[in-house]
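Protein chains in written order, with this note's numbering: chain A, 3 to 482; chain B, 280 to 769. Beta carbons are placed, not taken as given, at the ideal position from N, Cα and C, and that holds for glycine.
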Amino acid sequence: MSTAEYLALAPLLTISGGLTIMLLVIAFFRSHRVAHVSALVTLAATVLSILTCTPDSPQVVLDLLVVDGFAGYFMLLFAAMGIITCTLAYRYLEGRSGGLEEFYILVVTATIGAMTMAMAQHYATLLLGLEILSISLYTMIAYPQETHAPLEAATKYLILSGVASTTMLFGIALIFMASGDLYFSSLMADASGPYHTLGQLMLLTGLAFKLSLVPFHMWTPDVYQGAPAPVTGYIATVSKGALFALLLRFALVSDVLSVSAVFVALSTIAIASMIIGNVLALMQQNLKRLLAYSSIAHMGYMMIALLAISALTDTATAVESAMVYLLGYFLMTATAFGVISIQSNAKENGDAELISHYSGLFWRNPLLASVLTVTMLSLAGMPLTVGFIAKFYLFAAGVESNLWALLWALVIGSAISVYYYIKVIFTMTLNEQPDSYAHPETTWSTRSTLYALGLAVLVLGFYPTPVIELIGQLLSGFSD
Amino acid sequence: MNLLGLITLLLAGGVAAWAGERLKPGVSRWISLATLAVAMLWLAFVYLSWAAGSQTNALYAMQILPWIPRFGISVHLEMDGLSLMLVALTLFLGVIAIVSSWTEIESRQGFFQFNLMWTLAGVVGVFTALDLFLFFFFWEVMLIPMYFLISIWGHENRGYASMKFFLFTQISGLLMLFAILVLVYVHWRATGNFSFDYYDLLETRPEGDLAMWLMLGFFVAFVVKLPGVPFHTWLPDAHTQAPTAGSVLLAGILLKTGAYGLIRFVVPLFPEAALQFQWPAMLLGAVSVLYGGYMAFSQNDFKRLVAYSSVSHMGFVLIGVFAFNVIAVQGAIVQMIAHGFSTAALFMMAGALQQRLHTRDLSAMGGLWKYAPRMGVMTLFFVVASLGMPGLGNFIGEFLVLLGAFKVSVSITVAAAIGIIVAAVYGLLLMQRSFQGEPNDKVATMVDFGAREMSVMLLMMAALIAVGVYPQPIIDLADPVAQLISRGSP
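See below:
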C-alpha cells in the first residue's frame, strides 16, 4: 500500500484505532460517562480525518475500496449521526440497569460498517460492511433489557435481515457464476443471460429489504417501534443511508439500470413504496410506527434520484439530488427520533411513542414542540425547511429524466403525507396533558443537539447554497 | 427600506410580539400595531416618492438578490400598481384584524400575534414575488400560521376545519409546484439555463397540450384559494371555525391571493391555453356566483352565510379575469378590493355577535337592533354594500365585470347578473333574521359597539364609499395589468 492509499484510508484507520482504545478502556475501567466521551472523541476524530484526508480525485485502496468525495460525504454523514446517537443515548440509557458501556462500542462498529459500504466497489467489501453494520444493529436494538419489546424487535430483525443477506449472497454467487468477477464495474462487461439477471434481481431484493421498500417493508414498523428511540434514529438514518450510498455507487459503476427488467422492477417498487408507505402511515397512532411508514415512503422518493441515473447522460444532477435528499432525510429523521428520545425516560418503561404522549407539548415546552413542528413540516416537504429543498431536487432530477410516473407518485404520496404529519402538529397544540411522559428530565447537551438539528432543518431550507456548493465541489473530482 | 425589508419587518414584528408577550402581557398587540404602522408609512412613502418623481414606469419598488444560483433562483420582488393596492389592503386589514380581536383572544396572545404577523408577511410576499420559486415559497409560508390561527384559537370544530383548509391548499399547491418545475424545465430545454424568474418564463411558450396541463396546474391551485366551485368546500368550514381575526384575513386577503395568481400568472404565462379555457372558466365563475348565493340563502349560521357569499362574490372575479378585456379585469380588481372591506366587516360583525351571544346561529338572534342600534346600522351598511348598492365599492366591481363579460358571453353575464338578485335576497334575510323582527326571548341584553369597534367600522365604511364614488385611482393603478391580460384576447 502506498502513502496515498494509507492517507485515503485515514478515516477508517482512525475510527478502528479509536475503537481499540475504547475496548481497552472499558476492559479496565467501567464508567458510562467515560465510554460515552471516548466514543464521542473517536467519532469526532473520524469526522476531522474525513474532512482533512478525503482525496480530490478518486483513490482506489487495495482494489476493494475507493475513496472519493462521494464516499467522503456519506462517511461524514454517518460519523456525524454516530455522534448524535451517542449524545442522545447517554441521557436515554442513564439510570437503566445493566452494563451500558458496550452500547457506544456498538455505535462505533456500526459506523465502521456503514463507512466501509460507502467506499465499497467490490462485493466482498459490500458484504463485509453490511454484516458489520447489521450485527452491531441487532445488539443495539436489544440493548435495554427491562422490557421485552426491544428483544422481540431484535429477533425479528435478526431473522429477516439474515434471510435478506443470504438472498443477496446467493445473488452475488449467481453473478459471479455468470461474469467470473466480483467487481461492481465488471457486471456488464461480458455477462448476460438468465442467471445473471436473476442474480442481479436477488441482489437488489436483498438491498430493497434492508432499505425497507415495499413489498419488503414488513419488518420496518415493528423494529422501529421495538428498538429504543436513539437506535431507531440510527437505523433509520445510517443503516438506510449506507445502503443507499452503496446502491447509488453500484448503479453508477455497473450500469445495472440499463437492464430493463431491473429498471421496471425498481420503478414499481419505488412507486409502491411511496403510495403504500404513505397510506399505511395515515392510520398510525404510534409516532414511531408513523415514522417507520413515512421512512418507507421517503425511501421510495429517494429511488427517483437513483432511477434518474439511468436516463441521464449527465449523471451529476441525479447524484447531487440523492446527496441533498439524504442529507435532508438524515437531519429530519435524526431530529424526529431525537425528540422521541428526549421525551422518553428510564423511569417509565418504553418510549414516549404514542402521538397522544405529545399532546399539549406546545404549551409545556414550546421550543421542543417547535423543533418537532419544523421536522414534521420538513418531512411533509413544506418550504422554509430542508425537506422542501430535498424534494425540489428530486423533482428536478425526475423532470430532467422524464420519470413522469414516479413524479406523479411523489406528488400523490406527498399529498397523502400532509395529513398525518399535520395530525402530529395538531396534537401538540391541544390543551391536554398526557398522564405520563409530560415532564421528562433533559440535559443541556441533548437539548442543544436537538435545537441545533432543528435550526439546521430551517437554515438549510432557507439558504441551501453552501451545501449545494460543497456537494458540487465534492462531485467535481468524481468520475463515473 | 426595500421590499425584502418590508417582509422582514413583518416577520420580525411577529417574533417581537411573541417574545414581548412573555415579558409583559398585553404588549404584543401594540407591537403588532406599531409594526403595521411602520409598514404602512413605508408604503405611503414609496408611493409618494414615486408620484413626486418622474412617474415614467409604473413600478414602485423592486429588488433582486441571488438566492440559489444553482437553479437560477433569486429573491426577485417587485411592486407594480396591482401589488401596491393589494399590499396596502393587506396591511390595512391586518390592523383591522388586530383591533377586531383585541378582547376576543384571551389565551396565548403572543403566539396569536406571531401567527397573524407571519400570515401577513407571507401574503405580502405572495403579492410581490416575481420569482416563481419565491412565490411558491411565500404561498406555503402564509399557510402554516393561518393553520395555527384556526387550529388553536378556532371554535368548536377547529381540528376538522383547519385540517381541511391545510389539505386543500397544500395539495393544490403541490400541483402548482409540479407545473412550475415543468415550466422551468421547458425553459431549460429551450435555452440551456435554469431560471425561475417571471420575465424569463414569460418568454417560455410551452406548446399545445402541455401548456394546457401546466395552466390547469396553476389554475386549480388558485381556484382552490379563490375559492371557486367545486373546490370551495374548505371555505365555509374554515371561516366558521376561525377566530374573527382569522376570518378577516382569510376573506379579506387570503382569497385575494387566488385571484392575484390568476391575474399575475395564469393568464400571462399561458395566454393561448387560458383563452382556450375561457368558456369553462367563466362557466365555473357563473356557477360559483349562483351556487354560492343559493347556499348562502339556506344557511342558519351567520358566518357560514357570509362565507358562502364570498364564494358568490369571488365568482365575479373569475368571470372578470377570463373575460380578457380591460373593463372586466379592472372590475375584477375593484371587486377584490371592495370585497376585502365588506366581507371583513361582516366577519367582524359575526365575531362581535359571537362574543356577545356565544352563538352564530341566526335563529337564536332577532330584534337585536333594540339593544345595539350602532351594530345594526353597521350591519345594514355592509350587507347593502355586499349586495351591490350603487355608490359603494362592490357595485363598481360587479358592474364593470358584467359590462366586460357581456361582450364575451351574454348567457354567462345574464346568469351572473341573476346572482346579484340572489345576493339581495340572502343579504336582506341576514339583516332581518339578526337585527330586525321580533326580539328573541333568549337575548336579554347586548352591549353595543364601543369606540374601538366603531372607529374600525367607520374606517371600512369610508373605504367602501371612497371606492364606490371615486374608483378611478384603483382603475389607474390596475391599468397596466389589465392591458397585459387583454392583449391575449382576439
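Taking all protein chains shown into account, decide if B/Pro769 is buried (16 or more other Cβ within 10 angstroms of its Cβ) or exposed. Residue placement at B/Pro769 cannot be trusted, given a pLDDT of 46 that sits under 50; the coordinates are not used to answer.
Local Cβ density within 10 Å of B/Tyr749, reported as buried at 16 or more and exposed below that: exposed
By the 10 Å Cβ neighbour count, where 16 or more other Cβ atoms means buried, how is A/Asn347 classified, buried or exposed? buried
A/Tyr185 - partner residues in DSSP beta bridges: A/His124
With A/Val216 and A/Ala122 assumed to form a contact (beta carbons below 8 Å), what rounded beta-carbon distance in angstroms separates them? The Cβ separation is near 26 Å, so there is no contact.
Between the stretch 448 to 456 of chain A and the stretch 369 to 376 of chain A, can you find at least three pairs of beta-carbon atoms closer than 8 Å? yes
Straight-line CA distance for A/Met395 to A/Phe428? Per the sequence shown, residue 395 of chain A should be read as Tyr rather than Met. C-alpha separation (whole angstroms): 28 Å.
Consult DSSP for A/His219 and reduce its assignment to one of helix, strand or coil. coil
What is the rounded straight-line gap between the Cα of A/Ala307 and the Cα of A/Gln202? 20 Å
Tell me the rounded alpha-carbon separation between A/Ala407 and B/Pro547. 29 Å
CA-CA distance, A/Ile424 and A/Thr375? 9 Å
Determine the direct distance from the alpha carbon of A/Pro60 to that of A/Val43, and round the result to whole angstroms. 28 Å
Run through DSSP, which three-state label would A/Val68 get? strand
Note down the Cα distance separating A/Val321 from A/Gly352, rounded to an integer number of angstroms. 39 Å
Who are B/Pro345's beta bridge partners in DSSP? B/Ser353
Under 7 Å between the Cβ atoms of B/Gly284 and B/Ala757? no
If we call anything under 7 Å between Cβ atoms a contact, is A/Val240 one with A/Met83? yes
Would you list the one or two residues that DSSP bridges to A/Leu356? A/Asn288
Where does B/Val294 fall in DSSP's three states? helix
Pairing CB atoms from the stretch 84 to 94 of chain A with CB atoms from the stretch 251 to 264 of chain A, are three or more of them under 8 Å? no
If we cut at 7 Å on Cβ distances, does B/Arg437 have a partner in chain A? no
Pick from A/Thr234, A/Val461, A/Val413 that is closest to A/Asn280, judged by C-alpha positions: A/Val413
Contact criterion: CB-CB distance below 7 Å. Does B/Leu460 meet it with respect to chain A? yes
Environment of A/Ser481 [buried if 16+ CB atoms lie within 10 Å]: Below a pLDDT of 50, predicted positions are generally treated as unreliable, and A/Ser481, at 48, falls in that range; the measurement from the model is reported next regardless. It is exposed - the Cβ of A/Ser481 has fewer than 16 other Cβ atoms within 10 Å.
Between the alpha carbons of B/Ala530 and A/Leu356, how many angstroms are there, rounded? 37 Å
In this structure, does DSSP put B/Val590 in helix, strand or coil? helix
List the residues of chain A whose Cβ lies closer than 7 Å to the Cβ of B/Glu419, in chain order. Met384, Pro385
Is the distance from the Cβ of B/Ile697 to the Cβ of B/Met561 below 7 Å? no
Can a CB atom of chain B be found closer than 7 Å to the CB of A/Asp482? Summary for A/Asp482: the model assigns pLDDT 45, below 50, so the residue's position carries little reliability; its value from the coordinates is reported in the next sentence. No - not a single Cβ of chain B is within 7 Å of the one on A/Asp482.
Pairwise C-alpha distance: B/Ile459 and B/Phe412: 8 Å
Along chain B, which residues have their Cβ under 8 Å away from the Cβ of A/Glu434? Ordered by position in chain B, no residue passes the 8 Å Cβ test against A/Glu434, which lies about 12 Å from the chain.
For the ligand PLP, I want to know if A/Gly84 counts as a neighbour, meaning its beta carbon is within less than 6 Å of at least one of the ligand's heavy atoms. Among the ligands in the structure shown, none appear at all, so the ligand PLP cannot be discussed.
Is the beta carbon of B/Leu289 sitting closer than 7 Å to the one on B/Ala400? yes
Opening and closing residue of the alpha helix (DSSP H) in which B/Val402 lies: 388 to 407
Using a C-beta to C-beta distance shorter than 8 Å, which residues of chain A count as neighbours of B/Pro348? Thr467
Mind checking whether B/Ala695 and B/Ile598 have CB atoms under 7 Å apart? yes
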